[in-house]
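Below is one structure, written out as structure tokens; comments come after it.
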Amino acid sequence: MADNTEPKDPLRYRAYYWLLNLSFVFALIGLAEHITSFIIDKSGFGLEGSANLIAQIIVNIFGYFLPFFLMVAKFMRDDYMEGLWKRTVVVLAYAVAISPMVFVLIAWGCELGLPHDSAAYSIWRKFYEPFITPGQRGDVIVSVAWKDYMWLFVFIFQFLRWRASR
Amino acid sequence: MKNRLKVLRAERDWSQAELAGRLDVSRQAVNAIETGKHDPSLPLAFRIARLFEMPIEEIFHDES
Numbered sequence: 000m001a002d003n004t005e006p007k008d009p010l011r012y013r014a015y016y017w018l019l020n021l022s023f024v025f026a027l028i029g030l031a032e033h034i035t036s037f038i039i040d041k042s043g044f045g046l047e048g049s050a051n052l053i054a055q056i057i058v059n060i061f062g063y064f065l066p067f068f069l070m071v072a073k074f075m076r077d078d079y080m081e082g083l084w085k086r087t088v089v090v091l092a093y094a095v096a097i098s099p100m101v102f103v104l105i106a107w108g109c110e111l112g113l114p115h116d117s118a119a120y121s122i123w124r125k126f127y128e129p130f131i132t133p134g135q136r137g138d139v140i141v142s143v144a145w146k147d148y149m150w151l152f153v154f155i156f157q158f159l160r161w162r163a164s165r
Numbered sequence: 000m001k002n003r004l005k006v007l008r009a010e011r012d013w014s015q016a017e018l019a020g021r022l023d024v025s026r027q028a029v030n031a032i033e034t035g036k037h038d039p040s041l042p043l044a045f046r047i048a049r050l051f052e053m054p055i056e057e058i059f060h061d062e063s
């Protein structure tokens, strides 16, 4: 009997897309948690005790460490994915270069444009204060920046992949 | 960059997945090259040329 089944791509290539999709979902969850923690002033995932801790660990593994692994896992990318990766890294480099200027513009915009007794201003200050507080621990700032770059890598890669598929 | 990959593949009655397997890339890579969405790297272009036993310039054409 003839075998009419189409040959599948090597597992490592398929796994790269699966893992990228997985990290995308968890990056969205992490981002949502990050945003809501500023708005409702409560961090976590609405769970209690160790369940919340476990959820945090899972989100950290799949939302931050998995993108880092995908960033360096060249052996899992073929020529096309490598092209997408290079374009992603180029956009990421621009984002890294421009982000301090955007941050300053947003800071000035919020400080001058938002009424200082508004809820939006208090949310903004909650986000901004770690960056301007004297004696703020450097590792906290670095870890926030690292998380942001991991998110950016996943979001840019997924966007370019989506755009290329159209 | 334009290319004749789809024609060459059709002449050999290969599916995209089959060609991808021969080149050790994903089917998406073959599809992206055929539709002009991705220009292959030089090593992959050489692999394609070797597979079809043709010079690279007979497969890929610079649009300019």
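Here the protein sequences come in this chain order: A and B. Residues 0 to 165 in numbering that gives the first Met the number 0 are what the first sequence lists, from first letter to last. Residues 0 to 63 in numbering that gives the first Met the number 0 are what the second sequence lists, from first letter to last. All C-beta atoms in this analysis are idealised placements derived from N, C-alpha and C, irrespective of residue type, glycine included. Quick caveat: nothing in here was measured; it's all calculated off a predicted structure.
What separation, rounded to the nearest whole angstrom, lies between the Cα atoms of Arg124 (chain A) and Ser40 (chain B)?
Their Cα atoms are separated by approximately 48 Å.
Interface flag, Lys7 (chain A) vs chain B, CB-CB below 9 Å
True, the Cβ-Cβ gap to chain B drops below 9 Å.
Closer than 7 Å, Cβ to Cβ, to anything on chain A: give me those residues from the region 26 to 45 of chain B, in chain order.
Residues passing the 7 Å Cβ filter: Arg26, Gln27, Ala28, Ala31, Lys36, His37, Pro39, Ser40 and Leu43.
Straight-line gap, Asp8 (chain A) to Glu33 (chain B) (C-alpha atoms, nearest Å):
Near 17 Å, if we compare the C-alpha coordinates of Glu33 (chain B) and Asp8 (chain A).
In the DSSP output, which residue or residues are listed as bridge partners for His115 (chain A)?
Answer by DSSP bridge pairing: none, since His115 (chain A) is not bridged.
Rounded Cβ spacing between Gly62 (chain A) and Phe25 (chain A) (contact assumed at less than 8 Å)
That pair is a contact at about 4 Å.
Tell me the DSSP secondary structure of Phe59 (chain B) in three-state form.
DSSP, reduced to helix, strand and coil, places Phe59 (chain B) within a strand of the structure shown.
Asn59 (chain A) - partner residues in DSSP beta bridges
Answer is none; Asn59 (chain A) lacks a bridge partner.
Kindly list the residues whose CB is nearer than 8 Å to the CB of His37 (chain B), restricted to its own chain and excluding five residues on each side of it in sequence; keep chain order.
Annotation for His37 (chain B): Ala28 and Ala31 place their beta carbon closer than 8 Å to its own, counting only its chain and skipping 5 residues before and after.
Going by the DSSP bridge assignment, what does Lys1 (chain B) pair with across the sheet?
Looking at the DSSP assignment, Lys1 (chain B) forms a beta bridge with B:His60.
Using a Cβ-Cβ cut-off of 9 Å, state whether Asp138 (chain A) counts as contacting chain B.
For Asp138 (chain A), the answer is no, since every Cβ of chain B falls outside 9 Å of its Cβ.
Tell me whether Ala16 (chain B) sits in a helix, a strand or coil according to DSSP, three-state version.
Ala16 (chain B) sits in a helix when the DSSP states are folded into three classes.
What residues from chain A crowd round Val24 (chain B), counting only those whose CB sits closer than 7 Å?
Ordered by position in chain A, the residues that pass the 7 Å Cβ test against Val24 (chain B) are Asp77, Asp78 and Tyr79.
How is the alpha helix (DSSP H) around Gln27 (chain B) delimited, first residue to last?
Segment Arg26 to Glu33, the alpha helix (DSSP H) holding Gln27 (chain B).
If you drop the 5 nearest sequence neighbours on each side, which residues of the same chain put their C-beta closer than 7 Å to that of Pro54 (chain B)?
Cβ within range, chain order: Ala48.
Roughly how far, in whole angstroms, is the beta-carbon of Ala130 (chain A) from the beta-carbon of Ile140 (chain A), given that I think they are within contact range, below 8 Å?
A small correction: the amino acid at residue 130 (chain A) is Phe; Ala does not occupy that position in the sequence shown. Contact flag correct, Cβ pair sits at about 7 Å.
Taking C-beta pairs closer than 7 Å, name the residues in chain B that Tyr127 (chain A) reaches, listed in chain order.
For a Cβ distance threshold of 7 Å, nothing in chain B lies close to Tyr127 (chain A): the least Cβ distance comes to about 41 Å.
Using only CA atoms, which one of A:Ser164, A:Tyr16, A:Phe64 and A:Trp107 lies nearest to Gly29 (chain A)?
Residue A:Phe64 holds the alpha-carbon nearest to the alpha-carbon of Gly29 (chain A) among A:Ser164, A:Tyr16, A:Phe64 and A:Trp107.
Hey, is Ala163 (chain A)'s beta-carbon within less than 9 Å of any beta-carbon in chain B?
True, the Cβ-Cβ gap to chain B drops below 9 Å.
Listed by chain order, chain B residues near Gly82 (chain A) by CB distance under 7 Å
Chain B residues near Gly82 (chain A): His37.
Ala16 (chain B) at chain A interface by Cβ criterion, 9 Å
Yes, its Cβ sits closer than 9 Å to a Cβ of chain A.
Boundaries (first-last residue) of the alpha helix (DSSP H) holding Gly137 (chain A):
Element bounds for Gly137 (chain A): Gly137 to Ala163.
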